[in-house]
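In UniProt numbering, the protein residues as written are 1 to 303. A short worksheet on the structure shown next.
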Ligand SMILES: N[C@@H](CCC(=O)N[C@@H](CSS)C(=O)NCC(=O)O)C(=O)O
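Here is the structure:
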């Protein structure tokens with residue numbers, strides 16, 4: 001049954017060399033995994049549609065005031081079609097939930113890559129409208145949520161999963177969610193980078209514990225170490241781009257292709273005005289939006 005308040009947590013040994021230093025945990029949704037006799041291996045979409053034979057349904061959704069991307073992912077070969085939203089925005093919750101309903105999906109997670117400064121997350125509103133949905137954010141963000149995730153955690157939705165990679169630097173608690181590495185996971189992999197890595201850019205580093213040195217390290221060690229065909233899906237784009245790849249950003253990103261000192265200099269001289277919503281957005285997002293966290297936050301057990 002989907003939507004129960006119980007979450008099963010298993011401790012496993014990490015198999016990805018990039019994560020060997022991290023404890024690796026599986027955050028399993030309450031959805032029982034039932035393997036169907038799928039004739040093809042899992043395939044993801046490059047655009048906003050589903051591959052006809054794929055397990056993964058994927059949609060890239062846009063909120064134009066803050067130029068934020070929200071991502072909807074679901075395992076559509078699982079009988080209950082468990083789904084999750086990454087970086088939902090309060091203003092577009094109705095649209096996103098209508099789509100979830102129309103597609104017959106069961107929303108189980110509303111996740112954030114970090115504490116956003118430019119808009120209020122939709123997580124709290126979603127929780128109030130869809131009972132059973134669990135909010136997710138990193139433990140390092142020091143925010144409140146139902147699930148506080150850490151490096152190496154695996155977040156399952158049906159038979160698919162996202163792996164958590166810590167990518168601090170834009171904020172202290174930024175993470176990148178990467179689709180699983182395995183035979184039945186989407187290929188190429190997809191990285192939801194939040195504001196750590198933008199297309200031909202990156203998140204600013206001048207508030208919320210930002211650090212250009214940390215960001216440089218994060219992107220190079222946690223994102224540029226992924227296969228070059230990994231698709232990059234950021235939380236924002238201000239120029240109309242929708243997707244990039246690790247290989248493309250390693251070649252053409254005007255900031256992160258530079259050495260670390262040049263990167264620091266670039267970041268210190270962006271001269272960006274503070275986000276207009278910062279004073280409202282940050283406190284709201286520290287509790288994952290305007291939610292009533294009646295249940296005690298659950299920290300996934302570590303080994
Ligand atoms: N003008 C917008 C905020 C624009 C901005 O600062 N974007 C952030 C991500 S949201 S905190 C950023 O890191 N930008 C990097 C860049 O190079 O543009 C507003 O007022 O909300």
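Even glycine gets a Cβ: it sits at the ideal position worked out from N, Cα and C.
Inter-residue spacing [alpha-carbon to alpha-carbon] between residue i and residue j
i: residue 42; j: residue 271; result: Caution is warranted here: a pLDDT of 32 is assigned to residue 42, below 50, making its placement in the model unreliable, and the coordinate value is therefore given only provisionally. Their Cα atoms are separated by approximately 44 Å.
i: residue 35; j: residue 159; result: In this prediction, residue 35 scores a pLDDT of 29, lower than 50, which makes its location untrustworthy; no coordinate-derived value is stated.
i: residue 230; j: residue 286; result: 30 Å
i: residue 71; j: residue 194; result: 11 Å
i: residue 63; j: residue 184; result: 31 Å
i: residue 268; j: residue 80; result: 48 Å
i: residue 74; j: residue 115; result: 24 Å
i: residue 76; j: residue 55; result: 5 Å
i: residue 126; j: residue 93; result: 7 Å
i: residue 68; j: residue 59; result: 14 Å
Boundaries of the alpha helix (DSSP H) in which residue i is found, first to last residue
i: residue 216; result: 212 to 218
i: residue 260; result: 260 to 268
i: residue 95; result: 93 to 102
i: residue 248; result: 246 to 252
i: residue 281; result: 278 to 285
With 16 other Cβ atoms within 10 Å as the buried cut-off, status of residue i
i: residue 78; result: buried
i: residue 120; result: buried
i: residue 178; result: buried
i: residue 260; result: exposed
i: residue 96; result: buried
i: residue 263; result: buried
i: residue 251; result: exposed
i: residue 135; result: buried
i: residue 109; result: buried
i: residue 207; result: exposed
i: residue 113; result: buried
i: residue 279; result: exposed
Extent of the continuous beta strand (DSSP E) run through residue i
i: residue 135; result: 134 to 138
i: residue 106; result: 106 to 111
i: residue 176; result: 175 to 179
i: residue 75; result: 68 to 75
i: residue 193; result: 190 to 194
DSSP bridge partner residues for residue i (one or two, in chain order)
i: residue 199; result: In the DSSP output, where bridge partners are listed per residue, residue 199 has none listed.
i: residue 63; result: 68
* To do: Would you list the residues whose beta-carbon is nearer than 7 Å to any heavy atom of ligand 1, in the order they occur in the chain?
  => Every residue passing the under-7 Å Cβ criterion appears here: 66, 116, 117, 118, 170, 195, 198, 201, 202, 203, 204, 236, 238, 270, 272, 273, 275, 276 and 277.
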